[in-house]
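Asker:
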Ligand code: 0A1
Ligand code: ZN
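In UniProt numbering, the protein residues as written are 1 to 849.
Laid out in structure tokens, this is it:
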């Protein structure tokens, strides 16, 4: 422990952007992959940047590099080096920089830069990993074509662009260094090909470890569908002769869009019916699409600086959401998106880590790959599309690709194409990019003489660094339902731009019920006082499928709130309303499965906190359990019938329809186990021929404390399979009784298979703890201590993953004084560590406030 507080680090600021004084005309790299003595030689052609102030010296980023020699135009130079890079005097015109560095990928546990994973070499350069490979202007606005030579014993040697043979690769498309990639290993390909709209033949390969080839089939199928979809929907074609994807086991994030050489966490590539769940298939499809779509939104058009991260991420998430919606059905997809947005982004936006979609400063950019940048960034585009219409959106996007291909662009450039294509002024709209916090929209209603008036107010609470907020443009999609359940006004988009604004609907013969914020047309919290009966009416009759689900959600939340704060009983309106929907065979099974889901414990904690209560995690858990018991009792015969009807025939197929049936069947199983002593779960566990049902059965058994034998059997069956074992670890923690969750997690971290340096394995236990809120917030603080112990252990090994995982504590301010003190104690213990990474230091500092 240190005596003094850590030295403050100076943040990087958007306002201080200046262009780099040089352009890079070409980069050539020679890698000699020799374990701990790996060498990287570079030859870089620089020229003065006409758009910047002339400079007589150059600064190149570099981190943990052993410089062997450096030359400018063939003459030796002795640059001045620091832990962050080097500075060297340069000629006034164009010049060639050459240098050689030695690096050690074998001990690089940060998984950033060049590292080894399971005997293969691979790279991760976003956001600032390239500087750990060689000296370079490692900033996204410096774009250059690259040629790469790889000298290695490994049979497969890959880099960006097109292969020239013998481990040499040429990427003609200028790119920033964060899109550089290199892989070398004993790999096998699952291969296919694709012919683009204009007739370019593209070889497609997914590289995996020997034996895993069959498990890449689904990812390949998703890739081909993504390539076709981007041609049909956005007119975007692929632009190289080959597209490679590599699966690696040790990876900090989901996947990475390196030009022509995407690198994936193996969890998001490999799938077979016996090892992957429906949800894995769904994620693989979405992430394959996301990374592929980056080829245009991210790679061909990149970001000027990291403050513009949402330019590529918000748009690419929006595009992958559109794709999944086309593949799997719009209503179910939208509901799951919104559930995730609320669980991750609203939580972030309402706590100490709130930041704008385009942040204005950072210490460590890796801490800003957040739900706000990604998911709220996508919601902002969703709203833009509402405001300008489908036609306006498509004109603006065509203009964006035309005008900015090859650029490192900004949010201003992005908004300008919408203004130019549609004639709309987006000045006020741009506040969505600069103001943090979730707007709260409140609604009251009046009906007089055939006129319905909706009175809206918007308010955004202060967030760190932003004490006051201005009104934002909020598209509010509204429909009206008549008393007999018929729609009397189809969906219409109201545009709210004032702090308070009213909208009138005239000529109505009877008072309708308004369906407001249809399809979740804006990322806001809607506060609308409504009685149970009206909510139940919307649950039965809303013609907008999202809002029909939402009516059940809000009703569920209100019922649970009353159960927790007033000891009320589960409301019959909710039970009968849900029962009717679940039994309605005209609705798709996936949608009915979502109807059976209740608001999460974390969501309820935030709702209670917002309404002035101090949430008690154990009481929240208990109320939810009581409501689930009541639902099971109310619906038992229907659930039993559906459980049988929703059985899917062998062989397993991951398609959306079959997955929907299994989702409904699993939801029925979970409720029925409250009535049948887990008889069905035991039988299903013994008989399941696919991982979706095997996991559903095992989770149910663990939840009811009947899992001991099944847990052992599952381990014996799957111990050889890393991805399945991740599930085994996680499931036991997530579904543990909250009273013993901390001990369960502690025991699992002592298990010989708990390879904690592997991020997937680490996240399976520690992420599992977060997903069990009553266990995480146990009154004696045992889980807080265990969690912090592991963050402390991981930080020196892998700062990025540690920093991300520290968000488990971001909600500390919601809870009672004892829990607050215990959580702060852990955060302060971490903050005081000697040698704490800047990544974790920044996060913990912001969480403490
Ligand atoms: N651009 C990737 C996400 C990503 C970001 C950072 C990484 O390493 C620190 C890795 C991946 C995406 O959006 O998929
Ligand atoms: Zn992305």
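Every residue, glycine too, gets a C-beta built ideally from N, C-alpha and C.
May I ask which residues mark the beginning and end of the beta strand (DSSP E) holding residue 112?
Answerer: Against the chain shown, residue 112 aligns to sequence position 112. Premise fails: residue 112 is in no beta strand (DSSP E) and is neither H nor E.
Asker: Alpha carbon to alpha carbon, how far is residue 460 from residue 500? Give it in angstroms, no decimals.
Answerer: Within the chain shown, residue 500 is the residue found at index 500, counting from 1. Within the chain shown, residue 460 is the residue found at index 460, counting from 1. Distance between the alpha carbons of residue 500 and residue 460 is about 13 Å.
Asker: Based on Cα-Cα distance, which residue from 152, 277 and 288 lies nearest to residue 204?
Answerer: Here residue 204 is taken as the residue at index 204 of the chain shown, counted from 1. Residue 204 has its Cα closest to that of 288, out of 152, 277 and 288.
Asker: Taking the straight line between their C-alpha atoms, what separation do you get for residue 468 and residue 34?
Answerer: The residue you call residue 468 lines up with position 468 of the chain shown. The residue you call residue 34 lines up with position 34 of the chain shown. Cα to Cα, residue 468 sits roughly 56 Å from residue 34.
Asker: Judging by CA-CA distance, which residue of 591, 739 and 54 is the nearest neighbour of residue 775?
Answerer: As a position in the chain shown, residue 775 is number 775, starting the count at 1. Among 591, 739 and 54, the Cα nearest to that of residue 775 is on 739.
Asker: Can you tell me the Cβ-Cβ gap for residue 206 and residue 216, rounded? I've got them flagged as a contact below 8 Å.
Answerer: Against the chain shown, residue 206 aligns to sequence position 206. Against the chain shown, residue 216 aligns to sequence position 216. Indeed they touch by this definition, with Cβ atoms about 4 Å apart.
Asker: If you follow the alpha helix (DSSP H) that residue 452 is in, where does it begin and where does it stop?
Answerer: The residue you call residue 452 lines up with position 452 of the chain shown. Careful: residue 452 lies outside any alpha helix (DSSP H), inside the beta strand (DSSP E) at 451-459.
Asker: Once the 5 residues before and after residue 598 are set aside, which same chain residues still bring their CB inside 8 Å of it?
Answerer: In the chain shown, counting from the first residue as 1, residue 598 sits at position 598. Taken in chain order, the residues that qualify are 556, 560, 624, 627 and 628.
Asker: Apart from the five residues just before and just after residue 842, which ones in its own chain have a Cβ nearer than 8 Å to its Cβ?
Answerer: The residue labelled residue 842 in the question sits at position 842 within the chain shown. 9, 362, 363, 364, 367 and 803.
Asker: Report the rounded CA-to-CA distance for residue 67 versus residue 426, giving the unit in angstroms.
Answerer: Position 67 of the chain shown holds residue 67. Position 426 of the chain shown holds residue 426. Cα-Cα distance, rounded: 49 Å.
Asker: Please find out if some non-hydrogen atom of the ligand 0A1 comes closer than 7 Å to the beta-carbon of residue 364.
Answerer: To locate residue 364, count along the chain shown from 1; it is residue 364. For the ligand 0A1, not one heavy atom lies less than 7 Å from the Cβ of residue 364.
Asker: I'd like the list of long-range same chain contacts for residue 742, defined as Cβ closer than 7 Å, with 5 residues on each side in sequence excluded.
Answerer: Locating residue 742 in the chain shown gives position 742, where the first residue counts as 1. So the list reads 775, 778, 782, 783 and 786, once near-sequence residues are dropped.
Asker: Looking only at C-alpha atoms, which of 324, 250, 762 and 831 sits nearest to residue 113?
Answerer: Taking the chain shown and counting its residues from 1, the one referred to as residue 113 is at position 113. Ranking the options by Cα distance to residue 113, first place goes to 250.
Asker: The beta strand (DSSP E) that contains residue 100, what's its start and end?
Answerer: For the purposes of this step, residue 100 is taken as residue 100 along the chain shown, with counting starting at 1. Run containing residue 100: 95-103, per the beta strand (DSSP E) assignment.
Asker: Within this structure, are the beta carbons of residue 450 and residue 507 separated by less than 8 Å?
Answerer: On the chain shown, residue 450 is found 450 positions in, with the first residue counted as 1. On the chain shown, residue 507 is found 507 positions in, with the first residue counted as 1. Result yes, Cβ atoms of residue 450 and residue 507 sit closer than 8 Å.
Asker: Given residue 437, which residues of its chain have a CB within under 8 Å of its CB, disregarding the five upstream and five downstream residues?
Answerer: Taking the first residue of the chain shown as position 1, residue 437 is located at position 437. Closer than 8 Å at Cβ, skipping near neighbours: 349, 350, 354, 460, 461, 462, 463, 466 and 469.
Asker: Within the present structure, is the beta-carbon of residue 82 separated from the nearest heavy atom of the ligand ZN by less than 7 Å?
Answerer: The sequence position of residue 82 within the chain shown is 82, counting from 1. Result no, Cβ not under 7 Å from the ligand ZN.
Asker: I think residue 452 touches residue 505, with their Cβ atoms under 8 Å apart; what is that distance to the nearest whole Å?
Answerer: Along the chain shown, read from residue 1 onward, the residue named residue 452 stands at position 452. Along the chain shown, read from residue 1 onward, the residue named residue 505 stands at position 505. That belief holds up - the Cβ atoms of residue 452 and residue 505 are roughly 5 Å apart, short of 8 Å.
Asker: Quick check on residue 203: does DSSP put it in helix, strand or coil?
Answerer: Walking along the chain shown from the start, residue 203 turns up at place 203. Here residue 203 sits in strand by DSSP.
Asker: Please report how far the alpha carbon of residue 411 lies from the alpha carbon of residue 480, in whole angstroms.
Answerer: Within the chain shown, numbered from 1, the residue matching residue 411 stands at position 411. Within the chain shown, numbered from 1, the residue matching residue 480 stands at position 480. The alpha-carbon atoms of residue 411 and residue 480 are separated by roughly 36 Å.
Asker: CB of residue 375 to nearest heavy atom of the ligand ZN: below 7 Å?
Answerer: The count along the chain shown starts at 1 and reaches residue 375 at position 375. False, no ligand heavy atom lies under 7 Å from that Cβ.
Asker: Considering only the alpha carbon of each residue, which of 417, 31, 698 and 341 lies closest to residue 103?
Answerer: Mapped onto the chain shown, residue 103 falls at position 103. Nearest option by C-alpha distance: 31.
Asker: Less than 7 Å separating the Cβ of residue 252 from some heavy atom of the ligand 0A1?
Answerer: Locating residue 252 in the chain shown gives position 252, counting from the first residue. Residue 252: yes, Cβ under 7 Å from the ligand 0A1.
Asker: Please state the DSSP three-state secondary structure of residue 638.
Answerer: Within the chain shown, numbered from 1, the residue matching residue 638 stands at position 638. Looking at residue 638 - three-state DSSP - the assignment turns out to be helix.
Asker: Would you tell me roughly how many angstroms separate the C-alpha atoms of residue 817 and residue 617, rounded to the nearest one?
Answerer: Here residue 817 refers to the residue found at position 817 when the chain shown is read from its first residue. Here residue 617 refers to the residue found at position 617 when the chain shown is read from its first residue. Going by the C-alpha atoms only, they are around 14 Å apart.
Asker: Comparing the CB of residue 795 with every heavy atom of the ligand 0A1, is any distance shorter than 7 Å?
Answerer: Reading the chain shown from its first residue, position 795 is the one you call residue 795. Checking the Cβ of residue 795 against the ligand 0A1 gives no.
Asker: Alpha carbons only, please: which of 59, 38, 37 and 40 is nearest the one belonging to residue 46?
Answerer: Indexing the chain shown from 1 puts residue 46 at position 46. Ranking the options by Cα distance to residue 46, first place goes to 59.
Asker: Can you name the start and end residues of the beta strand (DSSP E) that residue 69 belongs to?
Answerer: In the chain shown, residue 69 corresponds to position 69, counting from 1. Residue 69 -> beta strand (DSSP E) spans 66-72.
Asker: Would you mind sorting residue 304 into buried or exposed? The rule is 16 or more other CB atoms within 10 Å of its CB.
Answerer: Translated into the one-based positions of the chain shown, residue 304 becomes position 304. Its Cβ being crowded by 16 or more others within 10 Å, residue 304 is buried.
Asker: How big is the Cα-Cα spacing for residue 458 and residue 840?
Answerer: For the purposes of this step, residue 458 is taken as residue 458 along the chain shown, with counting starting at 1. For the purposes of this step, residue 840 is taken as residue 840 along the chain shown, with counting starting at 1. Cα to Cα, residue 458 sits roughly 35 Å from residue 840.
Asker: How about residue 126: is its Cβ closer than 7 Å to a heavy atom in the ligand 0A1?
Answerer: Taking the first residue of the chain shown as position 1, residue 126 is located at position 126. Residue 126 Cβ: within cutoff of the ligand 0A1.
Asker: With distances taken Cα to Cα, identify the nearest neighbour of residue 144 among 329, 727, 26 and 698.
Answerer: Within the chain shown, numbered from 1, the residue matching residue 144 stands at position 144. Here the closest residue by C-alpha is 26.
Asker: May I ask you to verify whether the stretch 91-103 touches the stretch 72-81, counting CB pairs closer than 8 Å and requiring at least 3?
Answerer: Yes, the stretch 91-103 touches the stretch 72-81.
Asker: Can you list, in chain order, the residues of its chain whose CB lies under 7 Å from that of residue 630, leaving out five sequence neighbours each side?
Answerer: Residue 630 sits at position 630 when you count from the first residue of the chain shown. Contacts found: 570 and 575.
Asker: Using DSSP bridges, identify the partner residues of residue 26.
Answerer: One-based indexing of the chain shown puts residue 26 at position 26. For residue 26, which the question treats as bridged, DSSP gives the partners 45.
Asker: I'd like the list of long-range same chain contacts for residue 666, defined as Cβ closer than 6 Å, with 5 residues on each side in sequence excluded.
Answerer: Counting from one through the chain shown, the residue named residue 666 turns up at place 666. So the qualifying residues of the chain are 696.
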